[in-house]
Structure formats: structure tokens, C-alpha cells
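Asker:
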Amino acid sequence: MIKTIKVALLALIGLAFTATAYADFTFVSWGGAYTMSQQKGYIDTWGPVKNGTTKVSVENYNGGLGEVKAQVESGNVTWDVVDILPVDAINGCDEGLLEELDFSSWEKAPNGDSFLESIPDNGTGVGGTISPCAAPQIWWTYVIIYDPKAFPEKKPKKMKDFFDVKKFPGKRGVHTWPQAVLEMALVADGVKPSKVNEVLQGEGGPDRAFAKLEDLKGHVVHWSAGAQPLELVSSGEVVMSIVYNGRAGAAILSEGASFDYVWEGQVLDGDWIAIPKGSKNKAEAIEFLKHATTCASQAEQARYITYGPMRSCGLDVIKKGEPWFHNGIAVLPHMPNTKKRLKKSILTDPVWWADHNAELKEQWAAWMAGNK
Amino acid sequence: MNQTAKGEILTTDGIPLKVSLRRSERINKFRAFALVLPLTLFIIITFVIPIIAMLTRSIDDKQINTVFPKTFEIYKQWDRKKLPTEEMYATIFGEIVNAEKRAIGKASTRMNYSRSGWKSLIKKSKRKFKKIKEGPYKEQMIAVDKRWGKIEFWKALGEMVDPYTFGYFLNAVDLKYDSNKEIIRQPEKRRIYNYTWYKTVKISVLVTLFCLILGYPIAYLLATLPLKYSNLLMIFVLLPFWTSLLVRTVSWIIILMKKGVFNSILVWAGVIADENRMQLIYNETGTLIAMTQILLPFMVLPLYSVMKTIPPSYMRAALNLGAQPMHAFYRVYMPQTVPGISAGGLLVFVLAIGYFITPELVGGADGQLIGHWIAYHLKSTLNWGLCAALGTILLVVMLTLYWVYNKIVGIENIKLG
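Sequence lines, in order, name chains P and H. Going by our numbering, the first sequence opens with residue 22, and the numbers climb by one from there. Going by our numbering, the second sequence opens with residue 1035, and the numbers climb by one from there.
1) Measuring CA to CA, which of P:164, P:66 and P:152 is closest to residue 105 of chain P?
2) Going by Cα to Cα distance, which pick from H:1314, H:1365, H:1143 and H:1275 is closest to residue 1327 of chain H?
3) Kindly list the residues whose CB is nearer than 8 Å to the CB of residue 43 of chain P, restricted to its own chain and excluding five residues on each side of it in sequence; keep chain order.
4) Kindly indicate if chain P contains any beta-carbon less than 9 Å away from that of residue 1394 of chain H.
5) What's the C-alpha gap between residue 1157 of chain H and residue 107 of chain P?
6) Going by Cα to Cα distance, which pick from P:207, P:237 and P:213 is closest to residue 185 of chain P?
7) Using the three-state DSSP reduction, which class does residue 48 of chain P fall into: helix, strand or coil?
8) CA-CA distance, residue 1319 of chain H and residue 1207 of chain H?
9) What residues match up with residue 282 of chain P in a beta bridge as DSSP calls it?
10) Strictly by DSSP, which residues pair up with residue 81 of chain P?
11) Note the first and the last residue of the continuous beta strand (DSSP E) segment covering residue 345 of chain P.
12) Residues of chain H with a CB under 8 Å from the CB of residue 56 of chain P: which are they?
13) Consider the Cβ of residue 390 of chain P: report whether some Cβ of chain H lies at a distance smaller than 9 Å.
14) Quick check: the stretch 1339–1353 of chain H against the stretch 1243–1261 of chain H, are at least 3 beta-carbon pairs closer than 8 Å?
15) Evaluate residue 8 of chain P with the Cβ neighbour count: other Cβ atoms within 10 Å of its Cβ, from every protein chain shown; 16 or more gives buried, anything less gives exposed.
16) Report yes or no: do the stretch 1295–1306 of chain H and the stretch 1216–1231 of chain H share at least 3 C-beta pairs separated by less than 8 Å?
17) On the premise that residue 1197 of chain H lies in contact with residue 1096 of chain H, defined as a C-beta separation below 8 Å, what is that separation, rounded to the nearest angstrom?
18) Would you say residue 1194 of chain H faces chain P, with C-beta separation under 9 Å as the test?
19) Mind checking if residue 287 of chain P is an interface residue toward chain H, Cβ cutoff 9 Å exclusive?
20) Just curious, the alpha helix (DSSP H) that residue 228 of chain P is in, first and last residue?
21) When we look at the beta-carbon of residue 1146 of chain H and count the other beta-carbons within 10 Å, is it buried (16 or more) or exposed?
22) Could you give the DSSP three-state label for residue 1286 of chain H: helix, strand or coil?
23) Relative to the alpha-carbon of residue 450 of chain P, which residue among P:102, P:334 and P:200 has its alpha-carbon at the smallest distance?
24) Taking residue 1452 of chain H and residue 1290 of chain H to be in contact with their CB atoms under 8 Å, please state how far apart those CB atoms are, rounded to whole angstroms.
25) My output table needs one value for residue 223 of chain P: the three-state DSSP class, helix, strand or coil.
26) Out of H:1413, H:1408 and H:1371, point me to the one whose CA is closest to residue 1443 of chain H's CA.
27) With a 10 Å radius around its C-beta and 16 neighbouring C-beta atoms as the bar for buried, classify residue 1403 of chain H as buried or exposed.
28) Below 8 Å, can you find three or more Cβ-Cβ pairs linking the stretch 1179–1187 of chain H to the stretch 1067–1086 of chain H?
29) From the DSSP output, which residues share a beta bridge with residue 330 of chain P?
30) Output, in chain order, the set of chain P residues within a Cβ distance shorter than 8 Å of residue 1402 of chain H.
31) Between which residues of its own chain and residue 1316 of chain H is the CB-CB distance below 6 Å, once the five residues before and five after are set aside?
32) Beta strand (DSSP E) containing residue 194 of chain P: first to last residue?
33) Is the Cβ of residue 295 of chain P closer than 9 Å to any Cβ of chain H?
34) What is the residue span of the beta strand (DSSP E) that residue 261 of chain P lies within?
35) Should residue 1251 of chain H go down as buried or exposed, given a rule of 16 or more other Cβ atoms within 10 Å for buried?
36) Which residues, taken in chain order from the stretch 115–128 of chain P, show a beta carbon closer than 9 Å to some beta carbon of chain H?
So this is what it looks like as C-alpha cells:
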């Protein structure tokens, strides 16, 4: 008996050693179809993975900087690359939770633009990265979808229609946090998409948005997880809902769901990839980020999800290769960052939201509590 | 027997007996201590230290005082009516320019809790102040960003002058400090925590009650049925217990939604009309139903194990002596199940009060309980001070409950079996 235990122990120790012989590399993202697109788009195609010297283990998380902060502050950093939202990329860099990157030697665009120049500003006025710690990933939007069967005659076309419960009766699906809803309310209130941030950030902006939201009072079903709104619309629980465009694209392209979009006033936001400060595989992680952000990798990812590559050269590759989606359907009609779409989009302002996040979240919660 | 001049008793090797005894006892004590040492260490590391850390975080406000020490010295003299003098501008200018980037990032996050906008203001200033070579600084700083000329921003710093603060606790109950550290209420549109506390406690109490009402008869059946039936019944109780929480939560969505199973059966049976389907999910009703079902085993199991120990002869005796069945049950059986009721009730209540995934998925607008806010501040605003304050209040609520319970029922009456 004791001998068996000894053998087992020795075997375990041996196993531990062989396991450390491979560099264990941890990539953290949001899970689901999105992580799958990253896996196929640039993890599986990364040199060290292909030749077997590195094993990338993929973990899921729910966003936010909580885990990163805990790891950095305790000095035990187990994540090497993490997919984060702009707000967190900015805050994390400010608080020293993420590694700063030097983009000077990263891949140029085919037209000769430097790495940072190949990330178009999309109306922000500042191209390139939003934070010295963040490498570009994708653009995604909050967009309205509806079930065409719910409106046999007149179809909703504008953001105004989402807020008009008389003309288009039925419940609306809205998420449980204030981001994007306030911007959409301003568009419905007659503000041009290009002016929304200015109005929202000006005197009384949020209050104007909340006043418009009164139109929806009593007609909202709130969702908190990305898969829920699709379920809400297809089950008829609501007639229209705000969704993540990638989720809607996947349902339409892969599962043949019959949703239609309202392409006006959609709120564009980015996802970035970064390295937690003190990552044990920092050099490798930088190489990984370089590979993940090549024009080819960015385009490859779009074969599996309808989020738009941040680097314009990625979009160019898709344009030339259409129909690009992995099952042979054109993907550009579902992309949030084509020129036509961007004209009617609002680019969410992560700096302003980082400032007002807590305040507006509390105000939004109070609004939800009164919305019954 | 050996004895010294003083009359102490000695052992054969000449050591006083007392000393010798103490020595051998010390070894025994040490052994006993060594035996529980791993457990003690485990409890200290995983339980005591985190709780102390949480308690200190809830009142610790040093992350800003260490970055702007001189500014706050001058701040204490400021009248808070007119814009500060050039001296204060010059001081904060110097401290921003010279501060380490990471420290100032943390400080700006902290300043932003008391007034939205500080975060980006400090960050922008840190970047642009490099161009300002010499004073006077006031006008140049306002030229960089006009927020430097707004007195509200300066006033907001007032609550941070001390290294320790009750501000986080105040925030956790919809209060705050004004610039003179007087306690005032939050502006009306931001008052959300008191409502959330009320909602959390209400839902936890209701869920505990429902669990008791539903769980008591089940446990009674389990304890009294012959073994072959009760085992089968036990599997029904445990099966959902072993199923993933998310699966059960999502199942409830499918059952309770408007075009879901339950509503459709009612429509089919003609109980309600097709256009009057009930809203049973994405509101408080859904939260109560789902949480009750998920927490039910935590009520049934302690009840069952207590009921199992009650000899059936007691009830028979009561009935024999002429008690009505209801009366016998109420006077003889139920008092003996109190330890189980208490254990189950406390267990369910404690779990319910910290719940957040299930309510968030099925609760719609009502789904954000206090656990949601702790998670939100932990992850999104990084306001760990407020998290700690909310957590501490939660802990105090639980300890108070425990204390009250101990006074009324007595803690020795709690039994898990």
C-alpha cells in the first residue's frame, strides 16, 4: 500500500516537472462564440502553438479589473493576456495594472501606414490606441434588433421607433446598465449621432436622456447576459431589443434566425487586449499580441464572428475575400464599422464613462426601480 | 521521598516535582497545539485576515492623502467659499507633476468617487502640466482644463482630508459628507442603496419563509415514510441540488416566461386568455420562485436530519393521551423540530442575502440585490472601500441576527442532525 502511494507521489512530482517544461500561457476572454473566434482567428495560428512549444490555456471571465487588480497587488500574476473593455484599458493603465507597450516595431499596414496609423479614429479625432497598454481587437456595437413577424406592416427603421410604444406596441429588451441606453435615448430625442457625445457630456445631458427614457416606462424587460435578448425576441417576450451585434450576427448567419436590425444610433465600443503587469511570460505575451493584431489575424477572426476588426487593413482583407464568413455567407452587412454604418453610429466615450460610471449606474438603478 | 530544605517535593533525579510535572504537561500541550495548528493557520489565513483586511479597507482613505499631503495641509485652512488661492494651486500643481504615475492613478480614482470628472481631470493635467514651466499657476491650470476653475471640484476634496473615513459607510446607506465633513443625504436621483438593502432583506426573508413552508412537509414525509419510498423522495430533493445553478436558473426562465411552459398550459386549459399571459419572470415573482427552488434543499436537509431523531412514539403517546392530532403536532412534534427550523432558516437566509447570479438573470429590473452592487464596485469602479463597507454591513447584519437568535432561542438549540 505504502509503496503504491510512493509511486503515485513520484509520478505526480514527475508530472509537475514535465508540465512546467511547457510554458503555460493563459489567455483570458469573455467566452462563448467570441472566444472561439479568437481561438480560431489567432491562437491556433500562432507559431509557438503550431509547433507545440507553447500551450495556450483559455480562461473565461466576466470583465472588469477585479481579478487583474487582485493578481497584481498580491504579486501572483497568472494571466498573460486579457481581453478588456476600453474603460478598463484606460483605468488599468493609469493604476499600473497593465504593461505598457511599445508599438514602434509592430506590423505595418500594406499601404505603408504604421501600426498605430492603421487603427482609424472612427470619429474620435484620435486614431491609434486609447491607452499605451492596449492592443487593438474589435469594434462591436449595441444595436436594435426586432422580429419582422412582430410588425407585419410597418417596420421600425429609426431609433425613434424603439422609443415609440404607440406606433410599435410591445415590450423592449434593455440591458441592466446605463451605457449605450443614454446615447440611444438622445438619438431618439432628435440629436444627430455625431453630436450625441457633446450633448450627453454637456450641462444636463444625462437628465435629458433620462427624460426621454420616460417614454419606455413600463414597457421594458431588462436583461443582464448577452444571450438573453435573442431569446427574449425569438420567444416573443419582447418585440425589439438592444443586443450585442455579434450575438445577433451569429444567430442570423449560423443559425438562420430571422432578426432584422435597426441601423441607426447604434453605440460602437471597442475591445482591446492587454498584458497584466508582472506577467510571467511577458516577452511571449508581446509576441502573441503582435501576432493577434496582424491584418491577417484580424480578418481571420471575422470568419467566425461579426465584430469588426479595428485595423482598417483587416477590413480590407475581408472586402476582397467576400463572402468571408466561415460558412460562405457575406459578412460585411453585419459588420458595425463599415463607412456607411459609422455615419449613423455613436462611438462611446470611455474616458467620460470612466468618470461618470458609478454616478450614472446608480441613477440608472433608481430609474429601473421606478420603472414597473 | 526526597525533600529540599524548603519542603518542596523532589523527583528521583532531584528536580522539584512541580517543575517536572509542568514540563511533561508542556510537551502534551505542545502536541495538542501542533495538532490543531494547521486548522488554526487555515482559519487565520482564509478567514480572519481577509475579514480584518475588509474591515480596514472600509475606513481606509490613505490612497489620496499620501499623494497630496501638502495640498491637504493648506486645504484645511481654506474657507470653501471662494476659489482657492494661488498657493493651493501651486502646491497641487507640484504634487501632480512629481507624483508617481501609479499612485496618482489610484488617487484620481478615489477623487472621482466624490465628484465625477476628477479622474480624467487629473489624468489630463498630469499629461499637460509638463508644458507649464513657471507660475503663477492658477490661470494656466484653468487654461488647461476649465474644471480647475470650478469650486465644486475643490469642495469635493473636503471629505478626504483625513486618512480614515466613514464616508464609505455613509455611501452604503445613501448618505455622504459635504465639503465641511457634515453628513448629508445623497442627491435624490442617486439614492439606491437603502432601497437595495430593503429589497435584499425582504427577498431573503420571503425566500426563507417559502422554503420553510414548502420544506417542512417534505422533510416530514422523508422522515416518516418507509425507507424504500423515502430514499426515492430523497433523490428528488437531492437531484436539483446536484444540478448546476445556472441550468436551474435558465430552466425557470423557460418555464415561467410569457410564452413558456407554465403560461402555455394555463392558456391551453382555458384558465387565462392568450393575450393575458402572466408576467412571472424578469420581476420579483420570478426571483422568489427561482431562489426558493434553488435554496430548498438547504432547508429540507437539516429539518430531515432533526425529524429523523424524533421517536414516533412521542406522537403516539400524545394521541393516546387524548390530544387532537393538530394539537399533538403543534405541542409535541413541532417544538422538537425547532433546532432544524433554526438551522435551515439561518442557512437559507445567509445564502439568500448574498445571492446575485440568479436574481440578476431572472429578476429583470428587480434583480440587482446588494451582492450585485458589491460585485459591480469590485470590478467596474474599483471602489473597494465601498465594497468593504457594504460587506461589513452585511457581516454586521448577520452577526446581529445570530446574537438575537442566541438570545431568543439559544445557540445550543441549533442542529444539523
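Each residue gets a CB set at the ideal place from its N, CA and C atoms; glycine is no exception. The structure presented is a predicted model; accordingly, all values stated were derived computationally and were not measured.
Answerer: In short:
1) Position 84 of the first sequence holds residue 105 of chain P. Closest option to residue 105 of chain P, Cα to Cα, is P:152.
2) Position 293 of the second sequence, counted from the start, is the residue given in the question as residue 1327 of chain H. The shortest CA-to-CA distance from residue 1327 of chain H to any of H:1314, H:1365, H:1143 and H:1275 is the one to H:1275.
3) Position 22 of the first sequence, counted from the first residue, corresponds to residue 43 of chain P. Bear in mind that the predicted position of residue 43 of chain P carries a pLDDT of just 49, short of 50, making it unreliable; the figure below should be weighed with that in mind. Cβ neighbours of residue 43 of chain P beyond the five flanking positions: 74, 75 and 76.
4) Translated into the one-based positions of the second sequence, residue 1394 of chain H becomes position 360. Yes, its Cβ sits closer than 9 Å to a Cβ of chain P.
5) Against the second sequence, residue 1157 of chain H aligns to sequence position 123. Against the first sequence, residue 107 of chain P aligns to sequence position 86. In a straight line, the C-alpha of residue 1157 of chain H is about 16 Å away from that of residue 107 of chain P.
6) By 1-based counting over the first sequence, the position of residue 185 of chain P is 164. For the residues P:207, P:237 and P:213, the minimum Cα distance to residue 185 of chain P belongs to P:237.
7) Position 27 of the first sequence, counting from 1, holds the residue named residue 48 of chain P. Strand.
8) Indexing the second sequence from 1 puts residue 1319 of chain H at position 285. Indexing the second sequence from 1 puts residue 1207 of chain H at position 173. Their backbone Cα atoms lie some 26 Å apart in a straight line.
9) The residue labelled residue 282 of chain P in the question sits at position 261 within the first sequence. Answer by DSSP bridge pairing, in chain order: P:166.
10) As a working mapping, residue 81 of chain P is identified with position 60 in the first sequence. Answer by DSSP bridge pairing, in chain order: P:50.
11) Locating residue 345 of chain P in the first sequence gives position 324, where the first residue counts as 1. Residue 345 of chain P -> no beta strand (DSSP E), and no H or E assigned at all.
12) Start at 1 with the first residue of the first sequence, and residue 56 of chain P comes out as number 35. What residue 56 of chain P touches in chain H: nothing, since even the nearest Cβ is about 17 Å away.
13) By 1-based counting over the first sequence, the position of residue 390 of chain P is 369. Residue contact with chain H for residue 390 of chain P: present (Cβ-Cβ distance below 9 Å to some residue of chain H).
14) A contact exists between the stretch 1243–1261 of chain H and the stretch 1339–1353 of chain H.
15) Not covered by the structure: residue 8 of chain P. The range shown for chain P is 22 to 393.
16) The answer is no - the stretch 1216–1231 of chain H does not touch the stretch 1295–1306 of chain H, with fewer than three Cβ pairs under 8 Å.
17) On the second sequence, residue 1096 of chain H is found 62 positions in, with the first residue counted as 1. On the second sequence, residue 1197 of chain H is found 163 positions in, with the first residue counted as 1. Contact annotation, residue 1096 of chain H with residue 1197 of chain H: C-beta distance approximately 5 Å; criterion of less than 8 Å satisfied.
18) Residue mapping note: residue 1194 of chain H aligns to position 160 of the second sequence, counting from 1. False, the Cβ-Cβ gap to chain P never drops below 9 Å.
19) As a position in the first sequence, residue 287 of chain P is number 266, starting the count at 1. Cβ-Cβ to chain H under 9 Å: no for residue 287 of chain P.
20) The residue you call residue 228 of chain P lines up with position 207 of the first sequence. That run of the alpha helix (DSSP H) goes 226–234.
21) On the second sequence, residue 1146 of chain H is found 112 positions in, with the first residue counted as 1. So residue 1146 of chain H counts as buried.
22) For the purposes of this step, residue 1286 of chain H is identified with residue 252 of the second sequence, where counting begins at 1. In the three-state reduction of the DSSP assignment, residue 1286 of chain H falls in the helix class, which pools H, G and I.
23) There is simply no residue 450 of chain P to check, as chain P begins at 22 and stops at 393 in what is shown.
24) In the structure as shown, chain H starts at 1035 and stops at 1451, and residue 1452 of chain H therefore has no counterpart that could be examined.
25) By 1-based counting over the first sequence, the position of residue 223 of chain P is 202. Reduced to three states, the DSSP call for residue 223 of chain P is coil.
26) Start at 1 with the first residue of the second sequence, and residue 1443 of chain H comes out as number 409. Distances from the CA of residue 1443 of chain H to each of H:1413, H:1408 and H:1371 were compared; the closest alpha carbon is that of H:1371.
27) Along the second sequence, read from residue 1 onward, the residue named residue 1403 of chain H stands at position 369. When all chains shown are included, residue 1403 of chain H counts as buried.
28) No, they do not touch.
29) Reading the first sequence from its first residue, position 309 is the one you call residue 330 of chain P. Residue 330 of chain P is bridged by DSSP to P:159.
30) The residue you call residue 1402 of chain H lines up with position 368 of the second sequence. 197, 386 and 389, listed in chain order.
31) The residue you call residue 1316 of chain H lines up with position 282 of the second sequence. Exclusion of the five residues before and after residue 1316 of chain H leaves 1398 as the residues of its chain whose Cβ lies within less than 6 Å of its Cβ.
32) Position 173 of the first sequence, counted from the start, is the residue given in the question as residue 194 of chain P. Segment 193–196, the beta strand (DSSP E) holding residue 194 of chain P.
33) Along the first sequence, read from residue 1 onward, the residue named residue 295 of chain P stands at position 274. For residue 295 of chain P, the answer is no, since every Cβ of chain H falls outside 9 Å of its Cβ.
34) Sequence index remark: in the first sequence, residue 261 of chain P carries index 240 (1-based). Here the beta strand (DSSP E) through residue 261 of chain P covers 261–265.
35) Here residue 1251 of chain H is taken as the residue at index 217 of the second sequence, counted from 1. With fewer than 16 other Cβ atoms inside 10 Å of its own Cβ, residue 1251 of chain H counts as exposed.
36) Within the stretch 115–128 of chain P, the qualifying residues are 115, 116, 117 and 118.
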